[in-house]
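Q: The structure follows.
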Amino acid sequence: MDIEAETPWDSTPDISARIVTAIGRIATVLRSGMWEVSLAEGLNPAQAEILQLLQYRTTGVRLSWLAKQLSISAASTSDSVAALVAKGLVRKAKAADDGRATALHLTPEGEAVAARLGHALSFADTAVARLPAGQQQQMLTGLFKLIAELQKTDRFPELRACLSCRHFEANKYPGQEVPHHCALVNAPLPISFLRIDCAEHAPADPLVQRRNWEAFA
1 MDIEAETPWD STPDISARIV TAIGRIATVL RSGMWEVSLA EGLNPAQAEI
51 LQLLQYRTTG VRLSWLAKQL SISAASTSDS VAALVAKGLV RKAKAADDGR
101 ATALHLTPEG EAVAARLGHA LSFADTAVAR LPAGQQQQML TGLFKLIAEL
151 QKTDRFPELR ACLSCRHFEA NKYPGQEVPH HCALVNAPLP ISFLRIDCAE
201 HAPADPLVQR RNWEAFA
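As structure tokens, then:
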């Protein structure tokens, strides 16, 4: 029986596997950068991430929402929040939509720490900024498409992204170079301006969100 000869590339993993490996390595470098700044602020990584998640959320968030974002148990999230409250970085208040529930907010001191944490990954921002503009847009588009696929597995946490916002009007200008529209500013929305996290985000109907993400994927 004939046996096909091996090529020098037979042991090369699929390109999808190599992309996942590359993203994982980048994530490790980013975590390391955040860890250094977090330690300088007297925080552990979970506490630092909570401060970042609370930043620009003026109405506050629930503990259960934080747990989903962090992909950890409610008990572990509660411990981290308690530590941040003790440090004077987070405060608890009644939720605006339910007086029986508790919402978490940053204190002024927490806002200042969150702002400093925001500069922890400036080295990565600089690296991306060195890429050609066209390559940056292709990368952003690819990442949005990857997020859209990951959301189908129900493993990706909620985002304040353009595609899940009621102000986003997908393909309002079909066939045009800039097909999408932002009703908040009443202007065409280039792909290069799509946001992963927008402070002005207003959640769209779940069916509309799903349709937007599926169309983008």
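First residue of the sequence shown? That's 1 in the UniProt record's numbering, and the numbers climb one at a time after it.
Glycine is no exception: its CB is placed at the ideal position from the N, C-alpha and C atoms.
These numbers were taken from a predicted model, which means no experiment stands behind them.
What are the start and end residues of the alpha helix (DSSP H) that includes Pro-108?
A: On the sequence shown, residue 108 is found 108 positions in, with the first residue counted as 1. Start and end: 108-117.
Q: Considering only the alpha carbon of each residue, which of His-181, Trp-65 and Pro-132 lies closest to Glu-158?
A: For the purposes of this step, residue 158 is taken as residue 158 along the sequence shown, with counting starting at 1. With distances taken between Cα atoms, Glu-158 lies closest to Trp-65.
Q: If you draw a straight line from the C-alpha of Arg-210 to the C-alpha of Thr-7, how long is it?
A: Stepping through the sequence shown from its first residue, residue 210 is reached at position 210. Stepping through the sequence shown from its first residue, residue 7 is reached at position 7. If I take the Cα positions, the gap works out to 43 Å.
Q: If you follow the alpha helix (DSSP H) that Pro-179 is in, where does it begin and where does it stop?
A: Position 179 of the sequence shown, counted from the first residue, corresponds to residue 179. That residue, Pro-179, is in no alpha helix (DSSP H); it is neither H nor E in DSSP.
Q: If we ignore side chains and look at the alpha-carbon of each, how far apart do Ala-161 and Gly-42 end up?
A: Residue numbering aside, residue 161 sits at position 161 when the sequence shown is read from its first letter. Residue numbering aside, residue 42 sits at position 42 when the sequence shown is read from its first letter. Those two C-alpha atoms are separated by around 30 Å.
Q: Assuming residue 218 contacts Gln-55 under a Cβ cut-off of 8 Å, what Cβ separation, rounded to an integer in Å, is found between them?
A: The question about residue 218 has no answer here: the residues shown for the chain are numbered 1 through 217.
Q: Note down, in chain order, each residue of its chain lying with its Cβ closer than 6 Å to the Cβ of Ser-192, except the 5 sequence neighbours on either side.
A: For the purposes of this step, residue 192 is identified with residue 192 of the sequence shown, where counting begins at 1. Answer for Ser-192: Gln-137, listed in chain order.
Q: By how many angstroms is the C-alpha of Val-81 removed from the C-alpha of Ile-50?
A: For the purposes of this step, residue 50 is taken as residue 50 along the sequence shown, with counting starting at 1. For the purposes of this step, residue 81 is taken as residue 81 along the sequence shown, with counting starting at 1. Distance between the alpha carbons of Ile-50 and Val-81 is about 8 Å.
Q: Consult DSSP for Arg-211 and reduce its assignment to one of helix, strand or coil.
A: One-based indexing of the sequence shown puts residue 211 at position 211. Reduced to three states, the DSSP call for Arg-211 is helix.
Q: Shortest alpha-carbon distance to Ile-196 belongs to which of Glu-109, Gln-52, Leu-140 and His-181?
A: The sequence position of residue 196 within the sequence shown is 196, counting from 1. For the residues Glu-109, Gln-52, Leu-140 and His-181, the minimum Cα distance to Ile-196 belongs to Leu-140.
Q: Taking the alpha carbon of Leu-63 as the point to measure from, which residue in Pro-206, Glu-149, Val-90 and Leu-121 has its own alpha carbon closest?
A: Numbered from its first residue, the sequence shown carries residue 63 at position 63. Among Pro-206, Glu-149, Val-90 and Leu-121, the Cα nearest to that of Leu-63 belongs to Val-90.
Q: Taking the DSSP output, what are the residues bridged to His-105?
A: Numbered from its first residue, the sequence shown carries residue 105 at position 105. Bridge partners of His-105: Arg-91.
Q: For Ala-67, which residues of its own chain have a beta-carbon under 6 Å away from its beta-carbon, when the five flanking residues on both sides are left out?
A: Along the sequence shown, read from residue 1 onward, the residue named residue 67 stands at position 67. Excluding sequence neighbours, Ala-67 sits near Ala-74 and Thr-77.
Q: Would Ala-170 pass as a contact of Ala-112 if the rule is Cβ separation under 7 Å?
A: Position 170 of the sequence shown holds residue 170. Position 112 of the sequence shown holds residue 112. No; because the gap between Cβ atoms is not below 7 Å, this pair is not in contact.
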